[in-house]
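As structure tokens, the structure follows; a few thoughts come after it.
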Amino acid sequence: AELISNVLRRFSLEQRMRMGANVMLCGGGALMPGLQARLRHELRAIMHHEHAVKVWTAGDCISDSWRGGARLAAMPEFGTLLITKQEWEEKGPSYLKEHRAGNTYIADQQAAVMQVDSA
Numbered sequence: 135a136e137l138i139s140n141v142l143r144r145f146s147l148e149q150r151m152r153m154g155a156n157v158m159l160c161g162g163g164a165l166m167p168g169l170q171a172r173l174r175h176e177l178r179a180i181m182h183h184e185h186a187v188k189v190w191t192a193g194d195c196i197s198d199s200w201r202g203g204a205r206l207a208a209m210p211e212f213g214t215l216l217i218t219k220q221e222w223e224e225k226g227p228s229y230l231k232e233h234r235a236g237n238t239y240i241a242d243q244q245a246a247v248m249q250v251d252s253a
């Protein structure tokens, strides 16, 4: 829950509410007995009491994340999310902060939108 909380802090209150109400567990780890209930309990402890918290498990924990990745790869804009080996070698790991593939890029874009909206 701490990791999820750290990620949610990067977003606006409205976005945090939407994301906290839709936490999906997938992959083999999602099959651990009690994980869903524990995560739900821990998220409720860190989210505002009025925010809905919903934690659910993928229908097929083992394959659904792969299917999601396959759908993403089939999208026309998928190529804009990639970094070439040449870009990596020329610009290094810090380039991810500037590139659409990086979490920092997304958070920075959200912060810019929030500043414009509050002006």
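Residues are numbered in this note's numbering as their position in the sequence shown, beginning at 1, plus a constant of 134.
For glycine and all other residues, C-beta sits at the position ideal for the given N, C-alpha and C.
Since the model is a prediction, treat every value here as computed from it, not as a measurement.
query: Buried versus exposed call for Gly161 [16 or more other C-beta atoms within 10 Å across all chains shown]; result: exposed
query: Whole-angstrom distance between Phe212 and Gly168, CA atom to CA atom; result: 35 angstroms
query: Nearest-angstrom Cα separation, counted from Ser146 out to Cys195; result: 29 angstroms
query: Where the beta strand (DSSP E) through Leu159 begins and ends; result: 157-159
query: Of the listed residues Gln170, Ala171, Met181, Gly163, nearest to Val141 (C-alpha basis); result: Met181
query: Whole-angstrom distance between Arg174 and Met158, CA atom to CA atom; result: 11 angstroms
query: Continuous alpha helix (DSSP H) stretch holding Val187: start and end; result: It is not in any alpha helix (DSSP H) - Val187 carries neither H nor E in the DSSP assignment.
query: Alpha carbon of Ser228 to alpha carbon of Trp222, nearest angstrom; result: 9 angstroms
query: Alpha helix (DSSP H) runs wholly inside the stretch 204-234, at least 4 long, in chain order; result: 219-225
query: Simplified DSSP state of Arg150, which is helix, strand or coil; result: helix
query: Beta-carbon proximity check, Thr191 vs Ala164, cutoff 7 angstroms; result: yes
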